[in-house]
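Q: Going by our numbering, the letters in the sequence shown line up with residues -15 to 255, in that order. Even for Gly, the Cβ is constructed at its ideal location relative to N, Cα and C. This is the structure I want to talk about, given as structure tokens.
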Amino acid sequence: MLAEQHNPLALQRGSVRPAGVQNYLLGGKDHFAAERTLAEALIATVPNLRHAEQGNRRWRSRTVARLVGEEGVLQFLDLGAGFPDSEHTHVVAQQAAPTARVVYADAEPTVMVHGRALDVGSPEGELTHLTLAAAFCYADLLQLLAVQSVLDLSRPVAVLACGFLQYAPDLVAAQAQIAALVSALAPGSYLAVSHPLSEGPTHGWGLGSEAYREAGLRLQTVTLSAVRGYLAGLDLVGPGWQPTSDWLSGDDKAPEPAGDSEYWAAIGRKP
């Protein structure tokens, strides 16, 4: 553990955003100095972390394309999507189906400001960015007019929770919020989740927990049995809970596998 007087993050705790750290790891430009410092500290401890984030982002893109192309889903609610990039959900979805509708919801205001400024949807589809009043509070999200004006809640919606639930302060509470959200969706809706683990061959994330704490953030690295709770009551699609590299097998755009730092991911369908 770094001593407080030697910790370059100590004076900038309030400025560290998980989305900024992730953006740096993905090669983006939307990050503060403290976020770059944290990211480099994480890479020093978990060398494959860039590959982990790249694999998770590619998995999200492949998941969106699969849900549109194979399952006919045309509506997406993307939670904690992060800063815009070339593989943002609406880009992938509307390339496959121009009429696709996407709602981005995030509690980090700067993420939504960037999204509103940079994201351009297809003329045939719909797109909106919703800044949440509080993080990890989703139970009443579908009651908001901003959501109802874009999504037809009588039809299936795919909820994406990819690579951010590890920052929830309480795993049980986060799973309850996600469950309440999914319970209000129409049958045939989907939930896609990716999450780092603290056990088995992908335990590497646990090594970076101390660096997050030094930055004033909490990182939830949990067991596979615990993270399975997010999809409780849903029918698993495809291979079920697997490392993202297994989902991306055969994808010529897939990044190098991240070994002990991979996200685990799964897709569930509401009966």
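Of the choices Ser209, Val156, Pro227 and Ala142, whose alpha-carbon is the least far from that of Ser178?
A: Nearest option by C-alpha distance: Pro227.
Q: Please list, in chain order, all residues of the same chain as Thr29 whose beta carbon is under 7 Å from its beta carbon, the five residues on each side excluded.
A: Hits under 7 Å: Leu191, Gly192 and Ala195.
Q: Measure the C-alpha to C-alpha separation of Val166 and Tyr8 and round it to an integer number of angstroms.
A: Going by the C-alpha atoms only, they are around 31 Å apart.
Q: Which parts of the segment 36 to 94 are runs of the alpha helix (DSSP H), unbroken and 4 residues or longer, counting only runs that do not cross its ends?
A: Runs found: 73 to 80.
Q: Have a look at Tyr151 and Leu201 and give me their C-alpha separation to the nearest angstrom.
A: If I take the Cα positions, the gap works out to 8 Å.
Q: Just verifying my parser: in three-state terms, what is the DSSP assignment at Gln226?
A: In this structure, Gln226 counts as strand in the three-state DSSP scheme.
Q: Span of the beta strand (DSSP E) holding Gly4?
A: Segment Pro2 to Leu9 is the alpha helix (DSSP H) holding Gly4; no beta strand (DSSP E) there.
Q: Taking the Cβ atom as the reference point for each residue, do Ala250 and Gly224 lie within a distance shorter than 8 Å?
A: The answer is yes: Cβ separation under 8 Å.
Q: Less than 8 Å separating the beta-carbons of Leu137 and Ala170?
A: Contact flag set, yes.
Q: Anyone know if the C-beta pair for Gly56 and Gln78 falls short of 8 Å?
A: It is not a contact, given that the beta carbons lie outside the stated cut-off.
Q: State the start and end residues of the unbroken beta strand (DSSP E) segment that holds Tyr327.
A: Past the edges of the chain, shown from -15 to 255, lies residue 327, and the structure says nothing about it.
Q: With H, G and I counted as helix, E and B as strand and the rest as coil, what does DSSP make of Asp14?
A: Reduced to three states, the DSSP call for Asp14 is coil.
Q: Rounded to a whole number of angstroms, what is the C-alpha to C-alpha distance between Glu110 and Val86?
A: One C-alpha to the other measures close to 6 Å.
Q: Measure the CB-CB distance between Gly12 and Phe67 and report whether it falls below 8 Å.
A: Taking 8 Å as the Cβ cut-off, Gly12 and Phe67 qualify as a contacting pair.
Q: Between Val134, Leu126, Thr73 and Leu181, which has its C-alpha nearest Ala305's C-alpha?
A: This structure cannot settle anything about residue 305, because the visible part of the chain is limited to -15 through 255.
Q: Hey, quick one: how far does the beta strand (DSSP E) through Glu110 stretch, first residue to last?
A: Element bounds for Glu110: Glu110 to Thr115.
Q: Can you tell me whether Glu240 is buried or exposed? The criterion is at least 16 other CB atoms within 10 Å of its CB, across all chains shown.
A: So Glu240 ends up on the exposed side.
Q: In whole angstroms, what separates the C-alpha of Gly53 from that of Leu220?
A: Rounded to the nearest angstrom, the two C-alpha atoms are 18 Å apart.
Q: Pull the bridge partners of Leu175 from the DSSP assignment, please.
A: Note: Leu175 sits in a beta bridge opposite Val143 and Gly252.
Q: Could you tell me the alpha carbon to alpha carbon distance between Asp236 and Pro255, rounded to whole angstroms?
A: So the alpha carbons of these two residues sit roughly 33 Å apart.
Q: With a threshold of 16 other CB atoms inside 10 Å of the CB of Asp90, please say whether the residue is buried or exposed.
A: Asp90 should be labelled buried.
Q: Which same chain residues end up closer than 7 Å to Ala119 when comparing Cβ atoms and leaving out the 5 residues on each side of it in sequence?
A: Hits under 7 Å: Ala91.
Q: Output needed for Gly4: all residues of its chain with C-beta closer than 7 Å, excluding positions within five of it in sequence on either side, in chain order.
A: Result list for Gly4: Asp14, His15, Phe16 and Glu19, in chain order.
Q: With which residues is Leu220 paired in a DSSP beta bridge?
A: Bridge partners of Leu220: Gly252.
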